[in-house]
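Residue numbers (our numbering): -17 to 290. Here the structure is laid out as structure tokens; the discussion comes afterwards.
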């Protein structure tokens, strides 16, 4: 059968086939031809790690959030260094090792206490690199090993099976060509061999009052930009210094605000200081109880164990 014709089943007479032999990239398909195309296409869900059917009508270019990196509460010079390394890594200009294909990856270690911005930094790097963030392996993406201590802990004579895992991981790091970000809050347990394979290690100090204030302000800005949020922003802004005085990390700040929003919605009220204050007091009481039971804070314990 000729590519430009078809036959009717009744009289076996040739009929005109509207499907073109070829279409220029700048041309649109005829409307009748579009009807023959499938309505869905397969796509990989990075969050759920599975293939799904996507409606073609809803496919569009990825809207990368470059503002996420700008909003990151981190030293300006460190942010500049991260951006420079990522820009070079994502460009075509790379400097080879003596052995071709070796040492072309960008391996960044982010270490510090929980809730200081390590994971958020990795997510922000993926946005400015305009590559998906995935937690397995591939050179075409930004790879995050969150809480990577199990791979990085110092080898011992007692656990040979784990030693072999660390050795294989070290070998893979040598030839990895993508961007790999490791996060850890137990850097004191690292195997010595990893130090030379990490291109840059960034320590995250506990949040100061100024940095907590900046984080609270970032969340308030997002609430104000949202069209479906109902909040008493003038009152919350007046309480900003008081909020910044609370000893909280970034994750605790986010969780407190999220819980306060849910509490306000449950009561069918505007988000206000009353909701935030209730959540923060409840969280502080829990932390105080834990300290009384253990006899120390998480930071005191980690320092005593030489973990960070």
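For glycine and all other residues, C-beta sits at the position ideal for the given N, C-alpha and C.
Name the DSSP bridge partner or partners of residue i?
i	result
residue 26	33
residue 124	115, 161
residue 182	90
residue 267	Its beta-bridge partners do not exist; DSSP assigns none.
residue 172	135
Does DSSP put residue i in a helix, in a strand, or in coil?
i	result
residue 262	helix
residue 241	helix
residue 166	strand
residue 129	coil
residue 140	coil
residue 102	helix
residue 256	helix
residue 213	strand
residue 135	strand
residue 72	helix
residue 248	helix
residue 10	coil
residue 64	helix
residue -15	Since pLDDT at residue -15 reaches only 48, below the 50 mark, its modelled position is unreliable, and the value read off the structure follows with that caveat. Note: residue -15 maps to coil in three-state DSSP.
residue 200	helix
residue 40	helix
residue 228	coil
residue 189	coil
residue 292	In the structure displayed, the chain extends from -17 to 290; residue 292 sits before or after that span and is not available.
residue 223	helix
I'd like to check one pair, residue j with residue i: are the Cβ atoms closer than 8 Å?
i	j	result
residue 105	residue 115	yes
residue 181	residue 110	no
residue 244	residue 265	no
residue 134	residue 173	yes
residue 186	residue 98	yes
residue 169	residue 248	no
residue 95	residue 167	yes
To which residues of the same chain is residue i closer than 8 Å at the C-beta, ignoring the five residues directly before and after it?
i	result
residue 30	none
residue 195	222, 223, 225, 226
residue 217	254, 255
residue 60	184
Residues in the same chain with beta-carbon distance under 6 Å from residue i, minus the five sequence neighbours each way, listed in chain order, please.
i	result
residue 175	152
residue 91	164, 180, 183
residue 53	200
Counting only the same chain and skipping the five closest in sequence on each side, list residues whose C-beta sits under 7 Å from that of residue i.
i	result
residue 37	21, 22
residue 228	262
residue 213	205, 252, 253
residue 55	99, 193, 196, 197
Between residue i and the ligand MG, is the CB less than 7 Å from at least one heavy atom?
i	result
residue 169	As for the ligand MG, it is missing from this structure, which has no ligand bound.
Within the 8 Å Cβ cut-off, does residue i reach chain D?
i	result
residue 20	Here chain D cannot be found, since the structure has a single protein chain.
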